[in-house]
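Quick note: the sequence shown, position 163, residue 167 per this note's numbering, numbers continuous. See structure below.
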Amino acid sequence: MATNGYLPSLMFTILKTFPKYLFRSSHGGSLILWKENSNIVKYRKTLPKLKICRPDFKNIEKSLNIKTNAELLRAIVVLYICSFRLISVHSIFLMKATKFLLRERLFKYLMKSTIYGQFAGGETEDELEKVSLNLNKRGINILLMLACEDDLARISGRGKYHNKLLINLSGSLNCVKIARKLCGHVIPMIHFKMTAFAPQSLLVELGLRTQKVEDFRFYVFELLKLLNEDNVKLEQTIFNSLTPSEQLFLSNAVGCLRKFGESAINEGVRLLVDAEYTMLNRGIQLFTIALMFKHNKAKPMVWNTHQCYLKTAFDTLLEELDTVQGNNRCWGAKIVRGAYMESETKSAISNKVPNPINESFEKTSEMYDRVVYHILNKISKKENKYSLIAATQNEQSILKVVDLMEKLDINPTSKYVSFGQLYGVSDNVTYALGMSGYNVYKSVPYGLLMDVLPYLSRRAAENSSVLNNTSVERGLMAKELKRRFLNPQNHQQ
5 MATNGYLPSL MFTILKTFPK YLFRSSHGGS LILWKENSNI VKYRKTLPKL KICRPDFKNI
65 EKSLNIKTNA ELLRAIVVLY ICSFRLISVH SIFLMKATKF LLRERLFKYL MKSTIYGQFA
125 GGETEDELEK VSLNLNKRGI NILLMLACED DLARISGRGK YHNKLLINLS GSLNCVKIAR
185 KLCGHVIPMI HFKMTAFAPQ SLLVELGLRT QKVEDFRFYV FELLKLLNED NVKLEQTIFN
245 SLTPSEQLFL SNAVGCLRKF GESAINEGVR LLVDAEYTML NRGIQLFTIA LMFKHNKAKP
305 MVWNTHQCYL KTAFDTLLEE LDTVQGNNRC WGAKIVRGAY MESETKSAIS NKVPNPINES
365 FEKTSEMYDR VVYHILNKIS KKENKYSLIA ATQNEQSILK VVDLMEKLDI NPTSKYVSFG
425 QLYGVSDNVT YALGMSGYNV YKSVPYGLLM DVLPYLSRRA AENSSVLNNT SVERGLMAKE
485 LKRRFLNPQN HQQ
């Protein structure tokens, strides 16, 4: 059902006729405001045991009934606005213009009521706790993402560079502690971008040096030396041929990753490293595999991300598995379609190189299915060394994973297989998976509003294809709102 035709009239009817229902959940009660320092563990012990069944993404009464009417209305409006490609692609400029016109105070209020409120978890730990508890009600776990990415090499002045690096490290260490607190009932996981610690120029240079498999593996062990020992000097490693500035960047990145990794391992929190642009991914993979060698001896604590819109996705997967298996380490990965399709295509054209992206959506779907099947097949052999999170909004891909799990006799509650979607998008999919008993996560960015908005703007531009295809989701939410207002006394949680 498309919402474009009756969205304005629906909003007018709700605002004029039903103001008293706006801040009520579907079961008719008031919106719950959780107290500070609430006992998370005690609350979660009261959660109902979920019945394992095949997820039904169209059963909106069950999957969306935890959302208040105000939340549904906000989601419809925000997703409708973001569905316009011109807005999502130019969101950074539009936000700057809006801030200039409204001034900061009114701008912040507007953003918290719309974009930030829809796609971010909050600014404080208490706000994150409220989000986490609301997700837990429907069997959904929180996958935290601290919005702290910058091209560190472009920050002018060594003092500013070091200051930004320390801010990123401090925020990441705090993210580990928050994840441990909020995810006490499941395996806590957070995901982060390597560019929070390593400048793009360094990742590009290391990637160029390690295109061959044998070079890559040699560099992994050299990097592992640095991660394992404080007193190893760069002059004693293969990295002595880097420029002085690159050596500084590398030394600082290694120091941050050492502290970050050890903190996460001590807290039992898994680290999922995000993939980025193809020119950066080889360098990112180098750091990630070195971290795997250091921390994945008994459990898959460090995971990589594989983008299935790339033509080389399956070959990259096989090479990585061979490298990790050959050194008797556990392995985990986040499997995504990919979010940089347009920028990668433009870059290929401008640089006159072959486009790394698959020719069609169908080709990407085939690649996604192939990659996931290969990993699930390994998991089904009960080796307990492999894990994956199928991070996709695509319903057909998710159902194929569900069917493969059944075919390969993998328990739906297996701790080795999870699903994941972005916070604020595809709620009917996530909620259906959670209520059906599958392990499912919402990727929730958080941080100060003015820090997170640039991150959300970049994500909007990169995920424009996702945001442009929310008409079905908006239609389902509009249908649920209409049901509630036609039957205001007949809402059951």
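Note that beta-carbon positions come from the ideal geometry of N, C-alpha and C, so glycine has one too.
C-alpha of F365 to C-alpha of V357: approximately 21 Å in a straight line. Secondary structure of R221 (DSSP, three-state): helix. P449 is bridged by DSSP to M149. When DSSP assignments are scanned along the region 331-375, the uninterrupted stretches of alpha helix (DSSP H) that are 4 or more residues long and fall wholly within it turn out to be 345-355. If you draw a straight line from the Cα of Q397 to the Cα of F88, it is about 19 Å long. Judged by DSSP in its simplified three-state form, Y390 adopts strand. For L276, the uninterrupted beta strand (DSSP E) segment begins and ends at R274 to V277.
The C-beta of R463 has 16 or more other C-beta atoms within 10 Å across all chains shown, which makes the residue buried. Annotation for C152: N172, G175 and A200 place their beta carbon closer than 6 Å to its own, counting only its chain and skipping 5 residues before and after.
In the DSSP assignment, H310 falls within the beta strand (DSSP E) that extends over V306 to Q311.
In terms of Cβ geometry, T118 and V82 form a close pair [threshold 7 Å]. L139 and K446 do touch by the CB rule: their CB atoms are close to 6 Å apart, below 8 Å. Taking C-alpha positions only, N432 is separated from L77 by approximately 15 Å. In the structure shown, S384 adopts helical secondary structure according to DSSP, grouped into three states.
With distances taken between CA atoms, N362 lies nearest to Y313 out of Y313, V273 and F489. Take the alpha-carbon of H195 and the one of S136: they are about 16 Å apart. Counting only residues of its own chain and dropping the five nearest sequence neighbours on each side, Q251 has a CB closer than 7 Å to the CB of L238 and F243. Beta-bridge partners assigned by DSSP to S422: I393.
W307 is positioned such that its CB atom lies no closer than 7 Å to that of K350.
Residue environment for S95: buried (at least 16 other C-beta atoms within 10 angstroms of its C-beta). The DSSP assignment places complete alpha helix (DSSP H) segments of no fewer than 4 residues inside the region 223-282 at 248-271, in order along the chain. If the five residues before and after L68 are omitted, its C-beta is found closer than 6 Å to the C-beta atoms of E484, all from its own chain and listed in chain order.
In the three-state DSSP reduction, L105 falls in the helix class (H, G or I).
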